[in-house]
Amino acid sequence: MDQHATGAAASVPAGFHPLPPLGETFNTVIGPLYLGLRDGRLVGGLRVEKRHCNPAGSLHGGMSATLADICMSLAVQFDHDLGAGTIVTVSMTVDYLGAGRPGDWVEIHSEIDRAGGTSFTRASILVPREAGDATPIARASAVFRTLRPAHGGKAPPHVGNLLRQQFGLPPFPAKPG
1 MDQHATGAAA SVPAGFHPLP PLGETFNTVI GPLYLGLRDG RLVGGLRVEK
51 RHCNPAGSLH GGMSATLADI CMSLAVQFDH DLGAGTIVTV SMTVDYLGAG
101 RPGDWVEIHS EIDRAGGTSF TRASILVPRE AGDATPIARA SAVFRTLRPA
151 HGGKAPPHVG NLLRQQFGLP PFPAKPG
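Position 136, counted from 1, in the sequence shown is what the UniProt record's numbering calls 136; the numbers after and before it change by one each time, with no gaps.
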């Protein structure tokens with residue numbers, strides 16, 4: 001396949017599925033975003049389109065940062081039962097190492113250093129190439145905070161369970177009370 005194909009000719013690699021709907025959120029505007037599993041870990045994916053690029057024709061740095069932010073937060077919620085809360089970004093750092101181009105398939109691989117009320121994560125944003133090689137285009141690290149709904153407030157969906165369901169995995173056990 002042409003690495004720089006766009007539109008209908010640009011396929012999504014096997015094992016990746018569209019990000020499940022999480023309401024009418026920013027995630028629906030920038031995509032389509034995809035999720036897959038590699039060695040039991042959640043991996044994000046995006047086929048770069050011209051609209052994702054800067055005037056120089058490469059993946060916009062803001063888009064790379066957004067992909068890292070979304071995928072790191074989803075990885076925490078997929079791997080760890082944080083309950084039905086909202087996870088928000090406290091801080092994030094991104095180092096830009098290369099460029100993605102229209103038609104490139106970009107993957108976001110996250111590592112979780114600590115998960116809980118405050119979670120610490122890292123991500124590598126890569127363009128996979130032939131023979132298992134990959135070109136790194138960015139790396140990121142972030143701190144996330146889990147916010148609980150106010151007493152009597154409406155709980156948001158349990159994102160971790162929505163993601164687990166998409167891959168046929170059992171939900172996290174219900175918490176008492």
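Using N, Cα and C, we set each Cβ at its ideal position, and we do this for glycine too. Just so you know, these numbers come straight off a predicted model, no measurement behind them.
Inset, instruction - For Ala9, count neighbouring Cβ atoms within 10 angstroms of its own Cβ and tell me buried if that reaches 16, exposed if not. - result: Indexing the sequence shown from 1 puts residue 9 at position 9. Reliability fails at Ala9, whose pLDDT of 39 lies under 50, so the model's placement of it is uncertain and the value that follows must be treated cautiously. That one is exposed.
Inset, instruction - Find out if the Cβ-Cβ distance for the pair Arg122, Arg145 is shorter than 9 Å. - result: Taking the first residue of the sequence shown as 1, we reach residue 122 at position 122. Taking the first residue of the sequence shown as 1, we reach residue 145 at position 145. Not closer than 9 Å, so no.
Legend entry - Neighbourhood of Phe120 by C-beta distance below 7 Å, restricted to the same chain and skipping five residues each side: Residue mapping note: residue 120 aligns to position 120 of the sequence shown, counting from 1. Here the set comprises Asp113, Arg114, Val143.
Inset, instruction - Answer yes if the stretch 41-49 comes into contact with the stretch 81-92, meaning at least three C-beta pairs across the two stretches below 8 Å, and no otherwise. - result: no
Inset, instruction - Can you grab the Cα-Cα spacing for the pair Pro102 / Ser141, in whole Å? - result: Residue numbering aside, residue 102 sits at position 102 when the sequence shown is read from its first letter. Residue numbering aside, residue 141 sits at position 141 when the sequence shown is read from its first letter. Their backbone Cα atoms lie some 25 Å apart in a straight line.
Inset, instruction - Please list, in chain order, all residues of the same chain as Asp69 whose beta carbon is under 8 Å from its beta carbon, the five residues on each side excluded. - result: Translated into positions along the sequence shown, residue 69 becomes position 69. Within the same chain, Asp69 has close Cβ partners Thr89, Met92, Ala140, Ala142.
Legend entry - Residue(s) in a DSSP beta bridge with Thr146: Counting from one through the sequence shown, the residue named residue 146 turns up at place 146. In the DSSP output, where bridge partners are listed per residue, Thr146 has Ile87.
Inset, instruction - Work out the CA separation of Ala56 and Leu42 for me, nearest whole Å. - result: Within the sequence shown, the letter at position 42 stands for residue 42. Within the sequence shown, the letter at position 56 stands for residue 56. Their Cα atoms are separated by approximately 31 Å.
Inset, instruction - On a CA-only basis, which of Leu163, Pro170, Phe167 is nearest residue 193? Give me that one, please. - result: Past the boundaries of the shown model lies residue 193; the chain is included only from 1 to 177, so the question cannot be answered.
Inset, instruction - With DSSP as the reference, please indicate the residues paired to Ser124 in a beta bridge. - result: The residue you call residue 124 lines up with position 124 of the sequence shown. Answer is His109, Arg139, bridged to Ser124.
Inset, instruction - Just the C-alpha distance for Ala65 and Ser110, rounded to the nearest angstrom, thanks. - result: In the sequence shown, residue 65 corresponds to position 65, counting from 1. In the sequence shown, residue 110 corresponds to position 110, counting from 1. Their backbone Cα atoms lie some 13 Å apart in a straight line.
Legend entry - Nearest to Ala58 (by Cα), restricted to the options Val29, His80, Trp105: Residue numbering aside, residue 58 sits at position 58 when the sequence shown is read from its first letter. Residue 58 is actually Ser in this sequence, not Ala. Among Val29, His80, Trp105, the Cα nearest to that of Ser58 is on Trp105.
Legend entry - Alpha carbon of Val29 to alpha carbon of Met63, nearest angstrom: On the sequence shown, residue 29 is found 29 positions in, with the first residue counted as 1. On the sequence shown, residue 63 is found 63 positions in, with the first residue counted as 1. Straight-line Cα distance between these residues: approximately 12 Å.
Legend entry - Delimiting residues of the alpha helix (DSSP H) encompassing Arg41: On the sequence shown, position 41 is the one that residue 41 refers to. Here Arg41 belongs to no alpha helix (DSSP H); instead the beta strand (DSSP E) covers 41-47.
Legend entry - Which listed residue (Thr118, Arg129, Leu82, Asn161) has its alpha carbon closest to that of Gly100: Taking the sequence shown and counting its residues from 1, the one referred to as residue 100 is at position 100. Of the candidates Thr118, Arg129, Leu82, Asn161, the one whose C-alpha sits nearest the C-alpha of Gly100 is Arg129.
Inset, instruction - Look up Arg51 in the DSSP assignment and say whether it is helix, strand or coil. - result: On the sequence shown, residue 51 is found 51 positions in, with the first residue counted as 1. Arg51: helix per DSSP, three-state reduction.
Inset, instruction - Determine, using beta carbons only, whether Gly31 and Pro18 come nearer to each other than 9 Å. - result: Locating residue 31 in the sequence shown gives position 31, counting from the first residue. Locating residue 18 in the sequence shown gives position 18, counting from the first residue. The answer is yes: Cβ separation under 9 Å.
Legend entry - Helix, strand or coil at Arg164 [DSSP, three-state]: What you label residue 164 is simply residue 164 of the sequence shown in a count that begins at 1. In the structure shown, Arg164 sits in a helix (DSSP, three-state: H, G or I).
Inset, instruction - To the nearest angstrom, report how far apart Asp79 and Tyr34 are at their CA atoms. - result: Along the sequence shown, read from residue 1 onward, the residue named residue 79 stands at position 79. Along the sequence shown, read from residue 1 onward, the residue named residue 34 stands at position 34. If I take the Cα positions, the gap works out to 17 Å.
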